[in-house]
Amino acid sequence: MGTVEFTTANFGEKTSGDGITFIDFWASWCGPCVRFAPVYERAAEANPDVTFGKVDTEAQQELAMQFNIQSIPTIMAVRDGVIVYAQPGALPEAAFLDLIQKVRELDMEKVKADATAA
């Protein structure tokens with residue numbers, strides 16, 4: 070499936086429903102972002118049931134501010150409309166693939182119950 074460009078116009082639609090969405094907050098001038106891009110693209114191709122979005126923080130400054138992105142790349146994972154991961158830093162490929170698997174294995178009823186209790 071590849072990656073999808075996320076903008077302020079489509080971000081809510083792409084991240085609010087059921088399923089898993091990963092978001093790569095990046096910029097073209099960012100060396101680590103450029104080096105992480107092929108890892109992200111390969112993961113997107115290998116996991117067609119997952120949405121992989123990219124947010125260009127230069128073009129989508131409002132989204133970057135909304136999520137308090139202070140360092141790039143920042144990787145965010147959303148499952149069933151709930152942010153379950155958000156950390157800056159380019160991950161090695163094996164670590165990123167492990168993260169995808171961990172997000173798949175989450176017990177979302179427990180996650181939502183814990184979020185409600187907090």
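Each residue of the sequence shown is one higher than the one before, counting from 70 in the numbering used here. Glycine included, C-beta positions come from ideal geometry on N, C-alpha and C. No experiment lies behind these values; they were computed from the predicted model shown.
**Prompt:** I think ASP125 touches TRP95, with their Cβ atoms under 8 Å apart; what is that distance to the nearest whole Å?
**Reply:** Confirmed, about 7 Å.
**Prompt:** Under 9 Å between the Cβ atoms of TYR154 and LEU132?
**Reply:** No, these two residues do not count as a Cβ contact at 9 Å.
**Request:** Please look up how many angstroms separate the CB atoms of ILE138 and LEU160, rounded, as I've assumed it's under 8 Å.
**Result:** Going by Cβ atoms, the distance from ILE138 to LEU160 rounds to 16 Å, so no, they are not a contact pair.
**Message:** Does LYS179 pass the burial test, meaning 16 or more other C-beta atoms within 10 Å, or should it be called exposed?
**Reply:** It counts as exposed.
**Message:** Please report the distance separating the alpha-carbon of GLU82 from that of TYR109.
**Reply:** Approximately 21 Å, taken between the alpha carbons.
**Prompt:** For the alpha helix (DSSP H) that ALA208 lies in, which residues bound it at each end?
**Reply:** In the structure as shown, the chain begins at 70 and stops at 187. Residue 208 is therefore absent and cannot be evaluated.
**Prompt:** If you drop the 5 nearest sequence neighbours on each side, which residues of the same chain put their C-beta closer than 6 Å to that of GLU127?
**Reply:** Counting only residues of its own chain and dropping the five nearest sequence neighbours on each side, GLU127 has a CB closer than 6 Å to the CB of ALA96.
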